[in-house]
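Down below is the structure, laid out as structure tokens.
2 protein chains.
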Amino acid sequence: MSQKRQLLIDTALELFYQQGINSIGINEVLKQSGVAKRTLYSHFDSKEALILAALEQRHQVFISWFSQQISQVSNANEMIEAVFDALASWFNGCAEPLGAFKGCFFINTSAEFSDQNSATFHFCQAHKQAIKTAINTQLPTINAELVDTLCLLKEGAIVSVQLLGNATYVIALSKRNAKAVMASLN
Amino acid sequence: MSQKRQLLIDTALELFYQQGINSIGINEVLKQSGVAKRTLYSHFDSKEALILAALEQRHQVFISWFSQQISQVSNANEMIEAVFDALASWFNGCAEPLGAFKGCFFINTSAEFSDQNSATFHFCQAHKQAIKTAINTQLPTINAELVDTLCLLKEGAIVSVQLLGNATYVIALSKRNAKAVMASLN
DNA sequence: AATAAGGTAGACAGACTTGTATACTTTTGT
DNA sequence: ACAAAAGTATACAAGTCTGTCTACCTTATT
């Protein structure tokens, strides 16, 4: 794996995430990274290939960060706390590997590439599925209602904070919400 | 208000919503509507002005449709049912004024125009605020926790269904979730 | 019937976009 | 030391995009 290749992916991801994929041209990525155009096209067949590499990178970083955040969890209540504490630190820009919060890269990208047959769209679906699996795996017993609730609230929280801010309130509300669901399951 | 102007807005909204604003050029709107370019630029200063008009149109149609869907509501439980039944019919393409479901136009547009200072972004914020107000107004007593929960779950449901489908399940889950919150408030 | 307002058709300017080509330089492994 | 691999710099082809311009036509209203 070349250094230049990695530099291109890192630069592209940062720019794509912060400003949107369609707003960022290849030339901007080259300018920011200081890499030559020829080099980019020796590593990637097209802009789309670079986009997919950036999505893959974000997926790996996000899953890795998220799994670590919930790694100490051993019951449902701890899971609720861990998931939303993690989201809170992301929203507040304190989750180092994720950078400044600009919504979910995969939701945003899906909005830009709405064609449901595109490789891009499928990748975004796979990411959401992977998060669900990560939560499921960490729980001692299967609890589909809790996992689906957490994912539903997670998407809601991301979009709400992206649009209207107020991260602290949204996180607290989400926690109360998830706990109310847990209470209702008994 | 000219007929051509309205035709341009209707065509632009349909194309922008279904395929994304950045994917649709002015020329595509002209071709689909059969209107001349000169006419478009006599009604709108720029593409951005057309985008804002399309957002305004969507806002009016959506708020009007949504308000009607919850107009018979007289208590919290009915509100939960009405909100998610309305969303279900939207997701399934049965909400006539809204067209085929492609996520929330405002969330999608925010993802495309992520600059937080843009007129576009502010419009999207205002839309979300207006939905919250509509719910609040229809309830007999103030219940901020319920209203905020409904809005949070609504965003989560929209994004979840947009990405992974499964509308029926997501709606049922959201209803159980909201009812659990209501139960926890006593 | 005349005039003003609104519309059509399409060429085109200018600024973008992605991706290719040419010619040269640096780095790296053996 | 030297050959192969990788990178630089930049011009350019071919396409996109928005927005303007010219020239002509239709439709109301007075």
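Keeping their order, the protein sequence lines are chains E and C. Just so we're aligned, residue 1 is where the first sequence starts under our numbering, counting upward by one. Just so we're aligned, residue 1 is where the second sequence starts under our numbering, counting upward by one. Each residue gets a CB set at the ideal place from its N, CA and C atoms; glycine is no exception. None of the values given here were measured: they were computed from a predicted structure.
query: Could you give the residue range of the alpha helix (DSSP H) that holds C/S67?
result: Here residue 67 of chain C is taken as the residue at index 67 of the second sequence, counted from 1. C/S67 -> alpha helix (DSSP H) spans 47-69.
task: Taking only beta-carbon positions, decide if E/E112 is within less than 8 Å of chain C.
output: Taking the first residue of the first sequence as position 1, residue 112 of chain E is located at position 112. So, interface residue.
query: Which residue from E/G34, E/Q18, E/L87, E/H43 puts its Cα closest to that of E/T168?
result: In the first sequence, counting from the first residue as 1, residue 168 of chain E sits at position 168. Cα-wise, what sits closest to E/T168 is E/L87.
DSSP three-state assignment for E/L185, whether helix, strand or coil: Taking the first residue of the first sequence as position 1, residue 185 of chain E is located at position 185. Coil at E/L185, not helix or strand.
- request: Counting only the same chain and skipping the five closest in sequence on each side, list residues whose C-beta sits under 6 Å from that of E/F91.
  value: By one-based count along the first sequence, residue 91 of chain E stands at place 91. The answer, listed in chain order, is F101, V161, A167.
- prompt: Given that E/T149 touches chain C, what residues does it touch there, using C-beta distances under 8 Å?
  reply: Stepping through the first sequence from its first residue, residue 149 of chain E is reached at position 149. In chain order: L173, N177.
query: If you measure from the beta carbon of C/L13 to each beta carbon in chain E, is any gap under 8 Å?
result: The count along the second sequence starts at 1 and reaches residue 13 of chain C at position 13. By this cut-off, C/L13 is not an interface position.
message: Taking the alpha helix (DSSP H) that E/L150 belongs to, which residues open and close that run?
response: Within the first sequence, the letter at position 150 stands for residue 150 of chain E. First-last of the alpha helix (DSSP H) with E/L150: 144-164.
- request: Could you spell out the range, first to last residue, of the alpha helix (DSSP H) harbouring C/F44?
  value: By one-based count along the second sequence, residue 44 of chain C stands at place 44. That residue, C/F44, is in no alpha helix (DSSP H); it is neither H nor E in DSSP.
- prompt: In chain C, what lies closer than 9 Å to E/L153 by C-beta?
  reply: As a position in the first sequence, residue 153 of chain E is number 153, starting the count at 1. Residues of chain C passing the Cβ test: L152, L153, G156, N177.
message: Assuming E/E112 and E/N27 are in contact, meaning their beta carbons sit under 8 Å apart, how far apart are those beta carbons, in whole angstroms?
response: Within the first sequence, numbered from 1, the residue matching residue 112 of chain E stands at position 112. Within the first sequence, numbered from 1, the residue matching residue 27 of chain E stands at position 27. 19 Å between Cβ atoms; not a contact.
Through-space distance from E/N177 to E/L185, alpha-carbon basis: Along the first sequence, read from residue 1 onward, the residue named residue 185 of chain E stands at position 185. Along the first sequence, read from residue 1 onward, the residue named residue 177 of chain E stands at position 177. Between E/L185 and E/N177, the C-alpha separation is close to 13 Å.
task: In angstroms with no decimal places, state the Cα-to-Cα distance between C/S64 and E/H59.
output: Taking the second sequence and counting its residues from 1, the one referred to as residue 64 of chain C is at position 64. Taking the first sequence and counting its residues from 1, the one referred to as residue 59 of chain E is at position 59. Approximately 39 Å between the Cα atoms of the pair.
Endpoints, alpha helix (DSSP H) assigned at E/L7: In the first sequence, the residue the question calls residue 7 of chain E occupies position 7. Unbroken alpha helix (DSSP H) run through E/L7: 3-19.
task: Drop a sphere of 10 angstroms on the beta-carbon of E/N108, count the other beta-carbons inside from all chains shown, and report buried for 16 or more, exposed for fewer.
output: What you label residue 108 of chain E is simply residue 108 of the first sequence in a count that begins at 1. The residue is buried, with at least 16 neighbouring Cβ atoms inside 10 Å.
Span of the alpha helix (DSSP H), counted from its first residue to its last, around E/N92: Numbered from 1 along the first sequence, position 92 holds the residue referred to as residue 92 of chain E. Note, E/N92: premise wrong, no alpha helix (DSSP H); not H, not E.
- prompt: E/Q32 touches chain C at which residues, Cβ-Cβ below 7 Å?
  reply: Taking the first sequence and counting its residues from 1, the one referred to as residue 32 of chain E is at position 32. Near E/Q32 there are no residues of chain C at all, since even the closest Cβ is about 17 Å away, more than 7 Å.
query: If you count every other CB in all the chains shown that lies within 10 Å of the CB of C/K154, and 16 or more means buried, which is it?
result: For this step, residue 154 of chain C is matched to residue 154 along the second sequence. Flag for C/K154 reads buried.
- prompt: Using DSSP with H/G/I as helix, E/B as strand and the rest coil, what is E/C104?
  reply: Taking the first residue of the first sequence as position 1, residue 104 of chain E is located at position 104. Note: E/C104 maps to coil in three-state DSSP.
message: Using the Cβ count rule (16 or more neighbours within 10 Å means buried), how would you classify C/A183?
response: By 1-based counting over the second sequence, the position of residue 183 of chain C is 183. Classification of C/A183: exposed, given that the 10 Å Cβ count is below 16.
Element boundaries [alpha helix (DSSP H), containing C/L98]: Stepping through the second sequence from its first residue, residue 98 of chain C is reached at position 98. Segment: none, C/L98 is in no alpha helix (DSSP H) and carries neither H nor E.
- prompt: Sorted by chain position, which residues of the same chain lie with C-beta nearer than 6 Å to C/V61's C-beta, five sequence neighbours on each side aside?
  reply: Your numbering for residue 61 of chain C matches position 61 in the second sequence. Excluding sequence neighbours, C/V61 sits near P97.
- request: Check E/I24 in the structure and name its three-state DSSP category.
  value: Position 24 of the first sequence, counted from the start, is the residue given in the question as residue 24 of chain E. Residue state, collapsed to three classes: coil.
field: chain C contact residues for E/L164, given Cβ-Cβ distances below 7 Å
entry: Working through the first sequence from its first residue, we reach residue 164 of chain E at position 164. Result: Q125, K128.
field: Option in C/F105, C/Q138, C/I135 with minimal Cα separation from C/F123
entry: If you number the second sequence from 1, residue 123 of chain C lands on position 123. Comparing Cα positions, the closest option is C/F105.
message: Across the stretch 42-56 of chain E and the stretch 6-13 of chain E, are there enough close Cβ pairs to call them in contact, namely three or more that are closer than 8 Å?
response: yes
query: With a CB to CB cut of under 7 Å and the five nearest residues on each side skipped, what residues in its chain are close to C/L15?
result: As a working note, residue 15 of chain C is residue 15 in the second sequence. Only I24, E28, V29, Q32 meet the Cβ criterion.
field: Where C/L30 falls: helix, strand or coil (DSSP)
entry: Position 30 of the second sequence, counted from the start, is the residue given in the question as residue 30 of chain C. C/L30: helix per DSSP, three-state reduction.
task: Count the other CB atoms, across all protein chains shown, that sit within 10 Å of the CB of E/E94; report buried if there are 16 or more and exposed otherwise.
output: The residue given as residue 94 of chain E occupies position 94 in the first sequence. First, the amino acid is wrong: residue 94 of chain E is Cys here, not Glu. Exposed.
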